[in-house]
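Scroll down for the structure; my scribbles are underneath it.
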Amino acid sequence: MGKPAIIPFTPRRLPDAKGYELIMQPAVENFPLDNELDAAAFMNKVVEKEILMAPDQYMWLHRRFKTRPEGEPSLY
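In the numbering used here, the protein residues as written are 8 to 83.
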């Protein structure tokens with residue numbers, strides 16, 4: 008398998024509906040190409056970091072965890 012560059016980027020809305028800016032981060036280093044579980048956890052951390060830079064702009068309406076174990080309260 009090749010070693011692709013993974014470059015995180017995030018669009019951010021500008022104030023007063025004046026458009027967007029695209030924030031590009033440096034290429035990630037030490038990406039675990041040999042283990043899918045580690046790769047997924049790594050990418051979740053990358054996404055979390057991007058969300059925390061502007062949490063008010065994240066798509067919180069996406070109800071990713073609609074189903075909960077029996078007896079567990081809804082997250083929404």
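Cβ atoms here follow ideal geometry from the backbone N, Cα and C, with glycine treated the same way.
Please read all numbers here as calculations on a predicted model, not as lab measurements.
query: Taking DSSP as the reference, what is the three-state secondary structure of L29?
result: Reading the sequence shown from its first residue, position 22 is the one you call residue 29. Look at L29 here: in three-state DSSP terms it is strand.
- prompt: Whose C-alpha, out of I13, A48, Y83, is nearest the C-alpha of L68?
  reply: Looking up residue 68 in the sequence shown gives position 61. The residue with the shortest Cα to Cα distance from L68 is Y83.
field: Three-state class that DSSP yields for F16 in the structure shown
entry: Here the question's residue 16 lines up with position 9 in the sequence shown. DSSP places F16 in strand when its eight states are reduced to three.
task: Measure the alpha-carbon distance for E28 versus M60 and round it to whole angstroms.
output: If you number the sequence shown from 1, residue 28 lands on position 21. If you number the sequence shown from 1, residue 60 lands on position 53. A straight-line Cα-Cα distance of about 13 Å links E28 and M60.
task: My understanding is that A34 touches I13, with C-beta atoms under 8 Å, so please give their C-beta distance in whole angstroms.
output: The residue you call residue 34 lines up with position 27 of the sequence shown. The residue you call residue 13 lines up with position 6 of the sequence shown. About 6 Å separates the two Cβ atoms, so the contact holds.
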